[in-house]
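Just so you know, our numbering puts 12 at position 12 of the sequence shown, and the rest follows in order with no gaps. Glycine included, each C-beta is placed from N, C-alpha and C at the ideal position. Remarks on the structure that follows.
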Amino acid sequence: MPPGILTLAADKVTLSPANTGFMLICSALVMIMTPGLAFFYGGMVRVKSVLNMLMMSFISLGIVTILWVLYGFGLAFGTDSGGFIGWDGHFAGLSGIGLTQLWGASTIPIYVFAVFQLMFAVITPALISGALADRVKFTAWALFIALWVTVVYFPVAHWVWAEGGWLFDLGVIDFAGGTAVHINAGAAALGVILVVGKRIGFKKDPMRPHSLPLVMLGAGLLWFGWFGFNAGSWLGNDDGIGAVAFVNTQVATAAAMLGWLAYEKLRHGSFTTLGAASGAVAGLVAITPACGAVSPLGAIAVGVIAGVLCAMAVNLKYKLGYDDSLDVIGVHLVGGVVGSLLIGFFATGGVQSKAKGLFYGGGFEQLGKQAVGVVCVLLYSLVVSYVLAKVIDLVMGFRVSEDEEVAGIDQASHAETAYDFTGAGGGTVGRLGEALTKKVNA
1 MPPGILTLAA
11 DKVTLSPANT
21 GFMLICSALV
31 MIMTPGLAFF
41 YGGMVRVKSV
51 LNMLMMSFIS
61 LGIVTILWVL
71 YGFGLAFGTD
81 SGGFIGWDGH
91 FAGLSGIGLT
101 QLWGASTIPI
111 YVFAVFQLMF
121 AVITPALISG
131 ALADRVKFTA
141 WALFIALWVT
151 VVYFPVAHWV
161 WAEGGWLFDL
171 GVIDFAGGTA
181 VHINAGAAAL
191 GVILVVGKRI
201 GFKKDPMRPH
211 SLPLVMLGAG
221 LLWFGWFGFN
231 AGSWLGNDDG
241 IGAVAFVNTQ
251 VATAAAMLGW
261 LAYEKLRHGS
271 FTTLGAASGA
281 VAGLVAITPA
291 CGAVSPLGAI
301 AVGVIAGVLC
311 AMAVNLKYKL
321 GYDDSLDVIG
331 VHLVGGVVGS
341 LLIGFFATGG
351 VQSKAKGLFY
361 GGGFEQLGKQ
371 AVGVVCVLLY
381 SLVVSYVLAK
391 VIDLVMGFRV
401 SEDEEVAGID
411 QASHAETAYD
421 FTGAGGGTVG
431 RLGEALTKKV
441 NA
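So, in structure tokens, the structure goes:
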């Protein structure tokens, strides 16, 4: 994601209404991904946990939005300090920004860039929540979000996307978030589950999804919103690069879904709806860093490889013994790593940059840069996330009680249930029943 394209002093940049409108639409598309993720995760859990799963995503919209306005945008995209963090007092509270003041050398206002990036910041911690389904305190989770985005997401976003960020200057390619979003969230998920432990009944109870239609709805919303996520990351489309990113997003997602389903059929004998949804998400994750670097044929390769490898990776939790409830590690961490590294093989040098991968005559140089980005973001997020979770666990406890987990976290944390099977909740059927009862009693 470019902070701005350098231009000659003589080429005065002016605000583009077309690009500005396009980016506002892309921002809205990225926003809808968080509710989409909530549905995707919500359908995958048992019925007693669905509201909590929805809320773990929705609360990120509230917490991260406020922190982003207060200081997050300044830390992530302010003036660089040593390659690791930024700051600009004018960005604090978004109070010192002119209405039409442009972002760098782009043709969109700073406000538009800030709100687009806000939506990235919102969904990233929400991704982590899927690994913790059924067993964590909502207050502890909310505190973790606030701390995590402050000390992990904001700095990593600066490393990867801001002018002066050390990974940006190194030449690591991450078009829309393979490292900053998906590896970051996946590694954090692993760090937290090492603290909170396994669900009661892990590897004993089936723990099947309670609503596959909700899963498919969520996957569809994610797929739809991801076009804004990827195509918008070039901050406009004057040169066609955003269009290439859009096409590659569709192509890789389709290929990954087919790859996952093919593996699933060979391995387990069935084509499942959960596999189709998960494969699509794996493709979206993998193409995110690469969509501005590869051709559509390269996107097919990225998608198929990611679909198969992620399908294989989701079974690692049973072999290694970590309880990643909804396969955040298997899909987002593995998918992010795969997509980021495959840039080193499939980058054509003719889209977002001149950097070429191994298969296009570029040797191992870009692959080495990608590996540095992958390893550093993974280790930083894993270690810091583990420490944050450990501190929260010691101070207030991260996990609900055993009784609450067994009975259902929805009732314990939110005093609600997702579905009312008694008729007491009202609705047309409930009102009709009440009317008939009154008539009979009369």
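For the pair of segments examined, the stretch 132-147 was found not to touch the stretch 330-349: the number of CB pairs separated by less than 8 Å stays below three. Boundaries for residue 179: no alpha helix (DSSP H) harbours it, and the DSSP string shows neither H nor E there.
Secondary structure note for residue 79: its beta strand (DSSP E) is the uninterrupted segment 79-81. Taking the CA atoms as reference points, residue 286 sits about 14 Å from residue 222. Beta-bridge pairing by DSSP links residue 47 to no other residue. In the DSSP annotation of this structure, the continuous segment of the alpha helix (DSSP H) that includes residue 166 starts and ends at 166-170. Rounded to the nearest whole angstrom, the C-alpha separation of residue 168 and residue 415 is 46 Å.
At a cut-off of 3 residues, not a single continuous stretch assigned as beta strand (DSSP E) sits fully inside the stretch 353-377.
A contact between stretches requires three or more CB pairs, one per stretch, nearer than 8 Å, and the stretch 150-161 meets this requirement with the stretch 70-90. Distance from the CA of residue 314 to the CA of residue 102, rounded to the nearest whole angstrom, comes to 43 Å.
In this structure the stretch 376-383 does not lie against the stretch 113-124, because fewer than three pairs of beta carbons, one per stretch, are closer than 8 Å. In terms of Cβ geometry, residue 109 and residue 60 do not form a close pair [threshold 7 Å]. Secondary structure note for residue 86: its beta strand (DSSP E) is the uninterrupted segment 85-87. Rounded to whole angstroms, residue 349 and residue 62 show a C-alpha spacing of 40 Å. The way I'd put it, the stretch 327-334 doesn't touch the stretch 209-216; fewer than three beta-carbon pairs between them come closer than 8 Å.
Under DSSP, residue 136 forms a beta bridge with 399. For the 7 Å CB-CB criterion, residue 326 and residue 44 form a contact.
Between residue 154 and the set 382, 184 and 253, the nearest pair of CA atoms involves 184.
For residue 102, the pairing in a beta bridge is given by DSSP as 109. Within the same chain, and ignoring the five residues on either side of residue 294 in sequence, the residues whose Cβ sits closer than 6 Å to its Cβ are 346. For residue 418, there is no enclosing alpha helix (DSSP H), as DSSP gives it neither H nor E.
A residue is called buried once 16 or more other Cβ atoms fall within 10 Å of its Cβ, and residue 263 is buried on that count.
Per DSSP, the continuous alpha helix (DSSP H) segment holding residue 263 begins and ends at 241-268. Of the other Cβ atoms in all chains shown, 16 or more fall within 10 Å of the Cβ of residue 385; this residue is therefore buried. Around residue 74, the same chain offers 87, 88, 91 and 92 as residues with beta carbons nearer than 6 Å, after the five sequence neighbours per side are excluded.
By the neighbour-count criterion, in which 16 or more other beta carbons inside 10 Å mark a residue as buried, residue 182 falls on the buried side. Spanning the alpha carbons of residue 171 and residue 188 requires a straight line of approximately 24 Å. When C-beta atoms of the stretch 297-310 are compared with those of the stretch 249-260, three or more pairs fall below 8 Å, so the two segments count as touching. Leaving aside the five residues that flank residue 324 on each side, the residues in its chain whose CB is nearer than 7 Å to its CB run, in chain order, 131, 189, 193, 317 and 330. For residue 288, the enclosing alpha helix (DSSP H) has its first and last residue at 273-290. The Cβ atoms of residue 120 and residue 292 do not sit closer than 7 Å to each other.
Under the three-state reduction of DSSP, residue 124 is assigned to helix. For residue 350, no alpha helix (DSSP H) segment is defined, and its DSSP state is neither H nor E.
Leaving aside the five residues that flank residue 234 on each side, the residues in its chain whose CB is nearer than 6 Å to its CB run, in chain order, 241 and 242. For residue 337, the closest C-alpha among the options 297, 283 and 205 is that of 283. Counting along the chain, residue 131 sits inside no alpha helix (DSSP H), nor does DSSP assign it H or E at all.
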